[in-house]
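Visitor: Here it is, the structure, as structure tokens.
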Amino acid sequence: MKCPYCNHPDTRVIDSRPAEDGSSIRRRRSCDVCGKRFTTYEKVETIPLIIIKKDNNREQYNRRKIENGVLQACYKRPVSAEEIQQAIDRIETKIFNLEEKEIPSSTVGELVMEELKDLDEVAYVRFASVYREFKDVNTFMDELKKILG
Numbered sequence: 001m002k003c004p005y006c007n008h009p010d011t012r013v014i015d016s017r018p019a020e021d022g023s024s025i026r027r028r029r030s031c032d033v034c035g036k037r038f039t040t041y042e043k044v045e046t047i048p049l050i051i052i053k054k055d056n057n058r059e060q061y062n063r064r065k066i067e068n069g070v071l072q073a074c075y076k077r078p079v080s081a082e083e084i085q086q087a088i089d090r091i092e093t094k095i096f097n098l099e100e101k102e103i104p105s106s107t108v109g110e111l112v113m114e115e116l117k118d119l120d121e122v123a124y125v126r127f128a129s130v131y132r133e134f135k136d137v138n139t140f141m142d143e144l145k146k147i148l149g
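Each residue of the sequence shown is one higher than the last, beginning at 1 in UniProt numbering.
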């Protein structure tokens with residue numbers, strides 16, 4: 001790793017540990033030439049994931065969209081921020097474990113609903129009502145019966 005201060009091409013690692021997010025490694029480095037220290041983060045490079053939308057348009061996977069949907073569904077519900085982040089992490093892990101380059105948005109939506117069902121039933125119904133585009137009360141009741149039955 002090149003030193004950001006003196007551009008010497010070789011530095012040494014003083015300390016390595018998992019970063020706070022748990023998905024990367026934090027390395028403390030030192031330059032033998034100028035003596036300065038700096039920190040680097042090492043993260044696994046994932047394959048670029050493309051989401052196929054309902055209208056067959058394609059866009060790059062964006063974790064933020066899942067976060068926004070889950071946060072809206074859990075709005076004013078007794079679900080902690082930590083539980084929400086853990087749920088989003090599990091959803092993302094399931095998505096990447098599919099090991100596909102392109103995934104339909106319907107698959108992502110179903111994974112989100114599966115996770116919300118275990119997290120909070122009201123959040124699940126909120127998300128389902130938007131995701132499944134409930135047209136009337138009967139469609140809404142059918143979804144509630146699935147939860148209750």
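Beta carbons: idealized from backbone N, C-alpha and C, even for Gly.
It should be emphasised that the depicted structure is a prediction, and the values quoted were computed from it without experimental measurement.
#1: Where do the ends of the alpha helix (DSSP H) carrying residue 151 lie?
#2: Considering PHE140, what are the terminal residues of the alpha helix (DSSP H) in which it resides?
#3: DSSP three-state call for LYS36: helix, strand or coil?
#4: Ends of the alpha helix (DSSP H) at ASP120?
#5: Using DSSP with H/G/I as helix, E/B as strand and the rest coil, what is GLU102?
#6: Pull the bridge partners of LYS43 from the DSSP assignment, please.
#7: Inspect the CB distances between the region 25-44 and the region 53-67 and report whether three or more fall short of 8 angstroms.
#8: Excluding the five sequence neighbours on either side, which residues of its own chain have a C-beta within less than 8 angstroms of the C-beta of VAL79, listed in chain order?
#9: Determine the direct distance from the alpha carbon of MET1 to that of ASN62, and round the result to whole angstroms.
Guide: Checking against the coordinates, here is how it stands:
#1: In the structure as shown, the chain begins at 1 and stops at 149. Residue 151 is therefore absent and cannot be evaluated.
#2: Sequence index remark: in the sequence shown, residue 140 carries index 140 (1-based). Here the alpha helix (DSSP H) through PHE140 covers 137-148.
#3: Here residue 36 is taken as the residue at index 36 of the sequence shown, counted from 1. Looking at LYS36 - three-state DSSP - the assignment turns out to be coil, as it is neither helix nor strand.
#4: Translated into positions along the sequence shown, residue 120 becomes position 120. Premise fails: ASP120 is in no alpha helix (DSSP H) and is neither H nor E.
#5: Locating residue 102 in the sequence shown gives position 102, counting from the first residue. In the structure shown, GLU102 sits in a strand (DSSP, three-state: E or B).
#6: The count along the sequence shown starts at 1 and reaches residue 43 at position 43. Partner(s): SER24.
#7: no
#8: Counting from one through the sequence shown, the residue named residue 79 turns up at place 79. LEU119, ASP120, ALA123, listed in sequence order.
#9: Here residue 62 refers to the residue found at position 62 when the sequence shown is read from its first residue. Here residue 1 refers to the residue found at position 1 when the sequence shown is read from its first residue. In a straight line, the C-alpha of ASN62 is about 29 angstroms away from that of MET1.
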